[in-house]
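Contents: one structure, followed by commentary.
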Amino acid sequence: LLPGILHSIKKLFSKEAYEELRDRKKMRVKPGLKSLIYNWIMTWMIEKRLIGYLEKIWKGEEIILYSYWLNAYAYFVANVKKRNPQITAISRAHGFEIRDFNDYIPFRGTIDRYLDRIIFISDYTKMEYESIMRRIANKVRAEQRVIRLGVNNLGQLAPKAFTQKNSLNIASCSGIHRLKRLDLIIDSLAEVSEA
Numbered sequence: 075l076l077p078g079i080l081h082s083i084k085k086l087f088s089k090e091a092y093e094e095l096r097d098r099k100k101m102r103v104k105p106g107l108k109s110l111i112y113n114w115i116m117t118w119m120i121e122k123r124l125i126g127y128l129e130k131i132w133k134g135e136e137i138i139l140y141s142y143w144l145n146a147y148a149y150f151v152a153n154v155k156k157r158n159p160q161i162t163a164i165s166r167a168h169g170f171e172i173r174d175f176n177d178y179i180p181f182r183g184t185i186d187r188y189l190d191r192i193i194f195i196s197d198y199t200k201m202e203y204e205s206i207m208r209r210i211a212n213k214v215r216a217e218q219r220v221i222r223l224g225v226n227n228l229g230q231l232a233p234k235a236f237t238q239k240n241s242l243n244i245a246s247c248s249g250i251h252r253l254k255r256l257d258l259i260i261d262s263l264a265e266v267s268e269a
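Just so you know, this note's numbering puts 164 at position 90 of the sequence shown, and the rest follows in order with no gaps.
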């Protein structure tokens with residue numbers, strides 16, 4: 075805990091903190107100073123903990139660092155890439171980490187500047203990210219791809235109960251929100267013939 079706190083105090087006076095404070099003015103919803111500093115410290119403490127783990131296992135060989143969320147973990151990956159340009163740094167991006175009118179995700183500029191690739195779950199999320207980054211950084215640097223979650227064909231992975239002849243099985247693990255577009259499942263079912 076103490077190393078993380080000391081790491082955070084040191085970073086409070088960094089150029090990056092100053093730039094983040096400046097970028098706050100360009101956000102749709104501006105977090106208060108208390109929220110800003112709280113999120114910075116939490117991000118830096120996570121970064122410090124992950125640096126400790128990485129130092130124990132990584133000996134400088136070729137590596138791909140991957141974050142499943144475009145948040146504090148992507149920030150850690152981006153900063154490792156900043157110090158070690160030879161690595162590959164990738165993050166997936168969903169919805170909550172993109173929208174700057176929901177939760178405040180600090181250091182978007184750093185994340186975008188140093189990640190090699192950001193993989194979005196939808197075209198809409200990618201478009202929204204580009205719009206936000208144009209306001210903050212005027213351009214997007216990381217390569218962007220859309221790779222949707224889910225699969226087209228379960229094949230042999232499906233349990234026997236789901237592979238019966240002439241059966242149609244649909245499952246959604248989504249929360250029920252307009253953004254999730256669950257109405258498309260219903261619309262699709264209306265198009266299915268019973269024949």
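Ideal Cβ positions, reconstructed from N, Cα and C, are used throughout, including at glycine.
Item, Value
"7 Å CB neighbourhood of Ser248 in its chain, flanking five on each side removed", "Lys254 and Leu256"
"Anticipated Cβ contact below 8 Å, Leu124 with Ala163, distance rounded", "Contact flag wrong, Cβ pair sits at about 13 Å."
"Endpoints, beta strand (DSSP E) assigned at Val220", "Glu217 to Val220"
"From Ile221, Glu171, Arg208 and Ile185, residue whose alpha carbon lies closest to that of Ile195", "Ile221"
"Span separating the alpha-carbon of Ile259 from that of Gly224", "14 Å"
"Supposed contact pair Arg191 and Arg219 - C-beta distance, whole angstroms, cut 8 Å", "6 Å"
"Cβ-based neighbour list, Pro77, same chain, cut-off 8 Å, excluding 5 preceding and 5 following", "Lys122 and Gly126"
"Reference Ser262; option with closest CA among Ile250, Ile244, Arg252 and His251", "Ile244"
"In DSSP terms, what Phe194 is bridged to", "Ala167 and Val220"
"Beta-carbon contacts of Ile179 that lie in its chain and below 6 Å, excluding the five residues immediately before and after", "Asn145 and Glu171"
"Glu202 versus Arg173 - alpha carbon distance", "7 Å"
"Residue environment, Phe150, which counts as buried when at least 16 other CB atoms sit within 10 Å", "buried"
"Within 8 Å, strictly: CB atoms of Ala167 and Ile206", "no"
"CB of Glu265 within 8 Å of CB of Thr184, strictly", "no"
"Residue environment, Arg209, which counts as buried when at least 16 other CB atoms sit within 10 Å", "exposed"
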